[in-house]
Structures are given as C-alpha cells and as structure tokens.
Amino acid sequence: MAKKITKRENDYSQWYLDVVREAQLASHSPVRGCMVIKPNGFALWENMQRRLDTMFKETGHQNAYFPLFIPKSFLSKEAQHVEGFAKECAVVTHSRLIHSKDGVSVDPTSKLEEELIVRPTSETIIWDSYRDWIQSYRDLPILLNQWANVVRWEMRTRLFLRTMEFLWQEGHTAHATEQEARDEAHRMLEVYRSFAEDYMAMPVATGIKTESERFAGALDTYCIEAMMQDGKALQAGTSHFLGQNFAKAFDVRFQDRDGKEKFVWATSWGVSTRLIGGLIMTHSDDNGLVLPPRLAPTQVVIVPIWRNDDEQSRVMEYGTSILASLDKAGIRAKLDDRDQYKPGWKFAQHEVEGTPLRIAIGPRDVDNNNVELARRDTMKKEIISRDGVEKMIPDLLETIQSDLLETARERTAKQTRQASNYEEFKNILDTDGGFVYAHWDGTAETEEQIKNETKATIRCLPLHPEKQPGKCIVTGKDSPYPVMFARSY
RNA sequence: CGGGAUGUAGCGCAGUCCGGUAGCGCGCCUCGUUCGGGACGAGGAGGUCGCAGGUUCAAAUCCUGUCAUCCCGACCA
Numbered sequence: 001m002a003k004k005i006t007k008r009e010n011d012y013s014q015w016y017l018d019v020v021r022e023a024q025l026a027s028h029s030p031v032r033g034c035m036v037i038k039p040n041g042f043a044l045w046e047n048m049q050r051r052l053d054t055m056f057k058e059t060g061h062q063n064a065y066f067p068l069f070i071p072k073s074f075l076s077k078e079a080q081h082v083e084g085f086a087k088e089c090a091v092v093t094h095s096r097l098i099h100s101k102d103g104v105s106v107d108p109t110s111k112l113e114e115e116l117i118v119r120p121t122s123e124t125i126i127w128d129s130y131r132d133w134i135q136s137y138r139d140l141p142i143l144l145n146q147w148a149n150v151v152r153w154e155m156r157t158r159l160f161l162r163t164m165e166f167l168w169q170e171g172h173t174a175h176a177t178e179q180e181a182r183d184e185a186h187r188m189l190e191v192y193r194s195f196a197e198d199y200m201a202m203p204v205a206t207g208i209k210t211e212s213e214r215f216a217g218a219l220d221t222y223c224i225e226a227m228m229q230d231g232k233a234l235q236a237g238t239s240h241f242l243g244q245n246f247a248k249a250f251d252v253r254f255q256d257r258d259g260k261e262k263f264v265w266a267t268s269w270g271v272s273t274r275l276i277g278g279l280i281m282t283h284s285d286d287n288g289l290v291l292p293p294r295l296a297p298t299q300v301v302i303v304p305i306w307r308n309d310d311e312q313s314r315v316m317e318y319g320t321s322i323l324a325s326l327d328k329a330g331i332r333a334k335l336d337d338r339d340q341y342k343p344g345w346k347f348a349q350h351e352v353e354g355t356p357l358r359i360a361i362g363p364r365d366v367d368n369n370n371v372e373l374a375r376r377d378t379m380k381k382e383i384i385s386r387d388g389v390e391k392m393i394p395d396l397l398e399t400i401q402s403d404l405l406e407t408a409r410e411r412t413a414k415q416t417r418q419a420s421n422y423e424e425f426k427n428i429l430d431t432d433g434g435f436v437y438a439h440w441d442g443t444a445e446t447e448e449q450i451k452n453e454t455k456a457t458i459r460c461l462p463l464h465p466e467k468q469p470g471k472c473i474v475t476g477k478d479s480p481y482p483v484m485f486a487r488s489y
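Position 64 of the first sequence, counting from 1, maps to 64 under this note's numbering, and the rest follow consecutively.
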C-alpha cells in the first residue's frame with residue numbers, strides 16, 4: 001500500500017511533494033514557480049472558497065473585481081508598500097508580438113507609455129477607485145472582497161506553499177473611524193480562525209506581527225499561525241489595520257457629521273491557496289492525503305465488489321440505493337463503479353486521495369444487509385447494518401471532523417514549549433522545532449539577531465497579553481510577557 | 001540570487017567513469033482468465049536521453065551554456 005509515497009520521517013519535503021502528486025492535487029507547470037491545480041485540488045479550493053465566501057457575506061461584505069494590471073505610478077504612492085513589493089513584481093512593458101525566425105518576438109514598437117505591474121496585491125488600484133466612491137460619511141463603510149490571482153516573483157517556490165502566481169481573496173474595507181477599522185481587522189481575523197479550526201480542522205494561534213514581519217504599508221498585521229507536523233510554522237492568513245496610509249497616499253477623504261474633512265481608515269485581509277498546503281501538512285500521513293469531511297470534495301466513496309454479472313447487478317443495485325440514501329442525507333457521496341479497476345486498487349486510490357469514509361459492499365454484504373465502513377483518518381474498519389447508514393454516516397463524518405481537530409490540537413500542544421534561556425531555546429529548535437515561547441526585549445535588533453542565529457522568527461505577539469514579566473533570553477533586559485517563536489515556511 | 005545534488009517513456013530508475021545509435025519495473029492498449037486490500041498470462045504501443053550549441057566518422061555518454069526540480073543560505077503569504 002501507498003508504495004509511491006516517501007515516509008515523513010525519511011524526507012518531509014519529498015513526502016509533501018509525493019502527497020500532492022499522488023492525490024492529484026497539482027503539478028508543476030512549464031512556467032517556473034507556477035503550478036497547475038488539477039481537478040482534485042481545485043475541487044478542494046472551491047469548497048474552501050464557498051465556505052469563506054459565505055462567511056464574508058455573513059459579515060456584511062460584497063464581492064467585486066479590480067484589474068490584474070496596475071499602473072506603475074500607483075504602486076509608488078505609498079512608500080512602505082512599494083518597498084515591500086518592489087523586488088517581486090512582474091512588469092508588462094510591451095503589447096505586441098511579431099513573427100520572427102524562431103516563431104515570435106516582442107515588437108519593439110509596441111512599448112507601453114506607462115508600464116503595467118501585474119498585481120502583487122490590490123490596495124493601490126482599489127484605493128484609487130475608493131477616492132471616487134467616497135465623499136461623505138454616508139458612503140462608509142465600504143466592505144469589499146475580491147477573489148483573484150496575484151503574482152509575486154519568488155526566488156524559491158513550493159507547490160501551494162509559495163508559488164509565483166497564486167489564488168486568493170483580498171478584502172479591502174474603508175471606514176469613518178479608527179475604531180471601526182480596528183474592529184473590522186479583528187473581526188476578519190476571527191473569521192479566519194474559525195474557518196481554519198471549524199472547517200480545516202487546523203488549530204491556529206492568533207496574534208499580532210512585530211514591525212519587521214508586518215505587511216508593507218500596514219500599522220498592524222494580525223495573523224493566524226498553524227504548526228505543521230515537521231515542527232515548522234505556517235502563516236495561514238493575515239488581516240491588516242492599514243490606518244490612513246492608503247487614504248493619504250490616494251487622497252481619499254470624506255466629510256464627517258461634524259462637517260470636517262477627514263481621511264478614511266482602512267483594512268485589508270487575505271488567505272490564499274497556501275491554505276491547501278497547510279491542510280496537507282496538518283492531517284496527512286504516510287498513506288497520503290487526509291481531508292476533513294467538511295471540505296472533502298467527496299466525503300464518502302462506495303466501492304462495489306463482484307465476481308460475475310449476477311453479483312455485479314445485485315451489488316450495483318444495493319450500492320445505488322445506498323448512494324441515494326446518502327444523497328438524501330446531504331452527503332457528498334460517489335459510487336465508484338469503474339469496471340477497469342479492482343476493489344483493492346480503488347481502496348488504495350481513495351486512500352491516497354484522502355476521502356474521509358469508504359463503504360465497501362460485496363455479495364456477502366448484500367445478503368446480510370451490511371456494509372463495511374472504513375475511516376481514512378484512523379484506518380479502522382467496521383461492519384454496520386445498511387439500515388443505519390443514512391443516520392450514522394453524517395454523525396460519523398462530524399466525529400471524524402472533530403477527531404482531526406483534536407488530534408491536531410494535541411500535536412500542536414506537544415509542539416508548543418517554553419524556553420527560559422537562549423541555550424534551551426536553540427536546543428528545542430534544533431531537536432523538535434515547534435512553537436517556542438520566550439522572553440524578548442521588544443527590539444528589532446534582538447529579533448534580527450535571533451533570526452540570524454537560529455532561523456526562528458517571532459510568529460506573533462499575543463493579542464491580549466497577560467503580565468508575565470521576565471528577562472529577554474538574549475539581552476537579559478526586561479520583558480513584559482513571552483512571545484511565540486518558530487522556524488517557518 | 002549564491003553553494004550542493006538531480007534531470008533518460010505517464011511515474012520510479014539503470015545505462016554516463018571507458019562514445020558505437022537505449023533498457024528495466026509500474027502504468028497504458030488488445031484478448032482471455034480474474035475481482036472482499038494496488039490480480040495473472042499472452043501479445044502490443046510509447047523516448048529528438050531537460051533544452052541549445054560544440055568536439056567527433058559516431059554523443060544519453062565528452063565540453064560549454066541554459067532551463068527546471070530537490071536540499072542548504074538570502075527574500076517572502
């Protein structure tokens with residue numbers, strides 16, 4: 001079984017690539033650093049998208065769409081923002097090809113007056129529009145989201161975790177008051193936290209980024225951080241309080257109730273296809289992908305078993321009725337009736353693709369009015385009565401969902417440690433990795449030193465710090481509370 | 001972008017040192033037997049050896065360049 005997948009303990013990176021390939025989620029494309037998302041992977045993304053989209057709508061947001069191309073001049077309007085993205089932008093300089101000896105080449109006469117940047121994120125082009133949309137406090141708040149692709153010219157890429165082009169959603173909101181904008185940034189962080197935990201079954205730490213880790217152009221960046229099986233952290237989502245930086249850069253003002261003209265307050269927030277990488281590295285095992293039922297494209301697969309035509313028709317009739325029951329119960333179920341594959345092959349295939357539940361039915365089961373039920377997460381099998389299927393399966397799927405979260409929580413808890421001095425800190429990172437809480441003196445210099453010496457960064461500071469004074473593990477200076485470090489993806 | 005490794009059929013690999021016109025396993029196609037954990041037999045298809053130059057009578061093999069992937073650094077969601 002699962003002979004094509006490298007064991008995690010042997011080579012975690014290779015295991016990850018093997019799972020992505022064998023579960024047919026994505027493959028490398030002819031374009032460096034870009035990926036082809038295959039139907040299995042995209043179906044998973046669609047389920048994530050659908051749920052997130054609902055959550056955005058429930059919190060009062062609407063979808064819109066802004067252009068892929070951003071005039072170069074827009075990007076230079078917010079100084080911090082430019083600095084953050086300048087090194088990783090794709091630039092469109094020409095608009096035409098001409099025939100040449102080797103096929104086609106760029107027509108030098110088609111050079112653009114103003115070059116266009118392929119969006120690395122859309123703050124600038126959106127705030128340019130907001131200037132026209134906002135005159136009065138009555139026009140606020142604006143609560144928009146867009147589903148889009150963005151491009152960041154990365155040096156080193158990994159499928160889903162870091163690709164040059166990726167799919168994401170970016171929320172961009174405009175508010176009359178600072179408090180309202182801060183509340184929005186927190187509200188969306190909470191949406192991300194509950195999506196990660198309740199749907200992905202991926203426990204996350206929430207917190208606030210240090211100055212050096214925060215989004216270019218933001219005053220505060222809030223994040224959800226997840227711990228992967230190999231002890232490395234993954235930034236899974238961010239929500240930014242942008243203050244009035246973009247309003248000032250794009251001159252977006254409104255007249256308030258008091259008659260005065262004021263700059264608008266802003267937030268932005270996003271999660272990307274990187275979440276799929278997090279999902280894989282949270283639950284999957286040496287047999288392949290493990291998917292949480294709430295997001296799995298197929299929640300239950302029915303594998304029929306037969307030896308001859310007579311058995312085939314009996315088993316298929318039985319399977320079809322079970323499929324109908326599951327459909328009625330609102331379960332995403334599939335009857336795998338492909339005749340060219342044997343049952344054993346199908347078992348292995350659905351296993352590697354992460355289908356949460358498998359029902360196997362053969363002539364014996366038809367005679368006894370039974371089904372064989374197998375859980376992907378625990379690999380345990382049991383025989384149950386067919387009559388209980390439509391009642392039991394939905395409950396079992398929810399059990400799997402909560403078991404996955406619980407297992408991941410326990411693992412993350414084991415991977416979360418305290419370090420009281422620098423030696424211990426380094427030792428934990430070099431042996432087990434994971435989240436390490438330690439005292440820090442609050443300076444960027446110390447943060448930088450720790451990063452250079454240990455490769456660990458401050459993943460986040462607590463949102464609601466409790467006083468727990470101590471001494472910085474590097475400088476010995478006073479620290480009000482420990483902060484969370486980890487090596488990260 | 002720097003250091004190391006790798007690139008040969010859809011996937012995994014051998015062949016490269018010592019140049020002589022490409023092979024193995026899985027998968028794929030046909031037929032038959034099979035079918036409760038990746039079936040078996042027989043027959044068959046599939047590769048400009050990552051790409052581009054060069055050396056040579058002759059290049060998967062030697063030389064140069066380039067691209068991609070993996071690992072390690074710098075950068076990042």
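Every residue, glycine too, gets a C-beta built ideally from N, C-alpha and C.
Compute the Euclidean distance between the alpha carbons of residue i and residue j, then round it to the nearest angstrom.
i: residue 299; j: residue 289; result: 13 Å
i: residue 412; j: residue 169; result: 27 Å
i: residue 321; j: residue 369; result: 12 Å
i: residue 30; j: residue 94; result: 22 Å
i: residue 221; j: residue 408; result: 25 Å
i: residue 73; j: residue 214; result: 23 Å
i: residue 158; j: residue 439; result: 32 Å
i: residue 319; j: residue 302; result: 7 Å
i: residue 478; j: residue 431; result: 28 Å
i: residue 457; j: residue 447; result: 7 Å
i: residue 160; j: residue 466; result: 36 Å
i: residue 383; j: residue 364; result: 11 Å
i: residue 32; j: residue 166; result: 13 Å
i: residue 391; j: residue 343; result: 26 Å
i: residue 108; j: residue 78; result: 31 Å
i: residue 394; j: residue 125; result: 45 Å
i: residue 336; j: residue 96; result: 49 Å
i: residue 261; j: residue 174; result: 15 Å
i: residue 8; j: residue 375; result: 21 Å
i: residue 469; j: residue 452; result: 25 Å
Where does residue i sit, in a helix, a strand or coil, going by DSSP?
i: residue 86; result: helix
i: residue 149; result: strand
i: residue 14; result: helix
i: residue 78; result: coil
i: residue 485; result: strand
i: residue 177; result: coil
i: residue 252; result: coil
i: residue 286; result: coil
i: residue 276; result: helix
i: residue 35; result: strand
i: residue 542; result: A query on residue 542 cannot be resolved here, the shown segment of the chain reaching from 1 to 489 and no further.
i: residue 60; result: coil
i: residue 73; result: helix
i: residue 402; result: helix
i: residue 270; result: strand
i: residue 26; result: strand
i: residue 329; result: coil
i: residue 397; result: helix
Cα-Cα, which of the options is closest to residue i?
i: residue 209; options: 229, 178, 241; result: 241
i: residue 265; options: 201, 176, 5; result: 176
i: residue 373; options: 357, 401, 363, 12; result: 357
i: residue 211; options: 489, 486, 132, 459; result: 459
i: residue 487; options: 455, 474, 481; result: 455
i: residue 259; options: 461, 135, 166; result: 135
i: residue 379; options: 350, 362, 366, 395; result: 350
i: residue 441; options: 248, 422, 398, 186; result: 422
i: residue 245; options: 191, 70, 267, 225; result: 267
i: residue 10; options: 230, 105, 46, 55; result: 230
i: residue 56; options: 367, 66, 271; result: 271
i: residue 315; options: 295, 339, 331; result: 339
i: residue 292; options: 44, 4, 471, 366; result: 44
Does the beta carbon of residue i fall short of 8 Å from some heavy atom of the ligand HEM?
i: residue 221; result: Ligands are entirely absent from the displayed structure, and the ligand HEM is therefore not among its contents.
Q. Are there three or more Cβ pairs, one per stretch, closer than 8 Å when the region 146-165 is compared with the region 77-90?
A. yes
Q. Would you call the region 228-242 and the region 181-199 touching, i.e. three or more CB-CB distances under 8 Å?
A. yes
Q | Runs of alpha helix (DSSP H) lying entirely within the region 335-388, each at least 4 residues, in chain order | A | 343-352, 363-368
Q) Counting Cβ pairs closer than 8 Å, one from the region 15-23 and one from the region 279-286, do we hit at least three? A) yes
Q.
Please give me, in chain order, every unbroken run of the alpha helix (DSSP H) with length at least 4 that falls completely inside the region 410-482.
A. 422-431, 444-454
Q | Secondary structure, beta strand (DSSP E): runs of 3+ residues fully inside the region 294-326 | A | 300-304
(Q) What ranges does the beta strand (DSSP E) occupy inside the region 158-242, keeping only unbroken runs of at least 3 residues that lie completely in it? (A) 165-175, 204-208, 220-227
Q: At 3 residues or longer, and completely inside the region 92-153: list those beta strand (DSSP E) runs for me, N to C.
A: 97-100, 103-106, 111-118, 142-151
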